[in-house]
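Visitor:
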Ligand code: NAP
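In the working numbering, the protein residues as written are 1 to 302.
Have a look at this one:
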């Protein structure tokens, strides 16, 4: 482990597990704010920039939990969160194996609401607390610390974590008990995906009609039909830039989560199912690691 350089010893010790597109800048904000930071990433090399800035690099999620009062996680999907929190059957290397009574685990991933409530119950068995705290605002929001963060869990635990969450986002809201944060995020993802499909179909018509795509985008984005997607992602799609902020495969995963949660509540969401069909098609085209703006490829040749 490398030693910290600018940590403030009166602040809680923080851990961050999962240093991908989102996790790395988010962990960086906590380090910059003076929190003593221990990090873990499955692919260790991705931890190097934070190590160079003064973070300790641990060898396992368990070691992060042992070294921290508040442990953040930010991984891909429900089974990945279970892997880092619960560890393997033969390998007691999960957060749960190192967490101390009174510690707080804050999950910034997007996973199934049912996974969040299950993990909360298991951590409670160890005397630790859990907040499901998924985010929205994209890579840009993570870098600029302007994310919206929707938090499920005990209100008093939320208040304890709030100063740290405010380092990561502009809008931080307690939305209910464990699972409510992830359910709110599922609702967010339904809206985002449908807006993306609408953007793709609208641009498909503009292109087929021979309109100037950028001029069309500019005028419709400025009126009642405008959306975050038209403002932020359509310019990239029109320019043929499909590098990921938010990967298409993750959006597809989030639609699966939302549809499963709706089905469990006996709810049919036909428009969301159409969006899922389009994103599944994009993934089947081999574009899972491209940005969600690549959805236009299912409608026209960019
Ligand atoms: P990403 O760049 O692909 O990063 C995923 C991270 O999870 C990596 O650090 C990866 O480790 C780790 N990971 C995955 N499976 C793991 C496992 N089984 N064990 C240990 N570590 C594992 O993805 P991202 O864009 O940062 O997204 C992270 C989460 O935030 C996802 O749930 C996503 O839906 C959500 N989200 C993303 C955005 C966005 O705009 N990107 C916005 C809001 C929410 P390796 O480095 O070893 O692969």
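Note that beta-carbon positions come from the ideal geometry of N, C-alpha and C, so glycine has one too.
(1) Between which two residues does the beta strand (DSSP E) holding residue 279 run?
(2) Output the boundary residues of the beta strand (DSSP E) element that contains residue 131.
(3) Do residue 74 and residue 20 count as a contact pair if the criterion is CB distance below 9 Å?
(4) Helix, strand or coil, according to DSSP, for residue 97 in the structure here?
(5) State buried or exposed for residue 224, treating a residue as buried only when at least 16 other CB atoms are found within 10 Å of its CB.
(6) So, are the CB atoms of residue 37 and residue 15 less than 9 Å apart?
(7) Under the three-state reduction of DSSP, which class applies to residue 3: helix, strand or coil?
(8) Roughly how many angstroms lie between the CA atoms of residue 3 and residue 244, to the nearest whole one?
(9) Since residue 147 and residue 169 are thought to touch, with beta carbons under 8 Å apart, how far apart are those beta carbons, to the nearest angstrom?
(10) Provide the residue(s) that pair with residue 149 in DSSP beta bridges, ordered along the chain.
(11) Find out if the Cβ-Cβ distance for the pair residue 299, residue 201 is shorter than 9 Å.
(12) Apply the 10 Å Cβ neighbour rule to residue 45 and answer buried if 16 or more other Cβ atoms are within range, or exposed otherwise.
(13) When you compare only the Cα positions, how much space is there between residue 172 and residue 160?
Guide: Once the coordinates are examined:
(1) Note, residue 279: premise wrong, no beta strand (DSSP E); alpha helix (DSSP H) at 270-284.
(2) 129-132
(3) yes
(4) Residue 97 sits in a helix when the DSSP states are folded into three classes.
(5) exposed
(6) yes
(7) No answer about residue 3 holds up, because its pLDDT of 40 lies below 50 and its placement is not dependable.
(8) In this prediction, residue 3 scores a pLDDT of 40, lower than 50, which makes its location untrustworthy; the coordinate-derived value is nonetheless stated afterwards. For residue 3 and residue 244, the gap between their C-alpha atoms comes out near 33 Å.
(9) 4 Å
(10) Answer is 135, 172.
(11) yes
(12) exposed
(13) 13 Å
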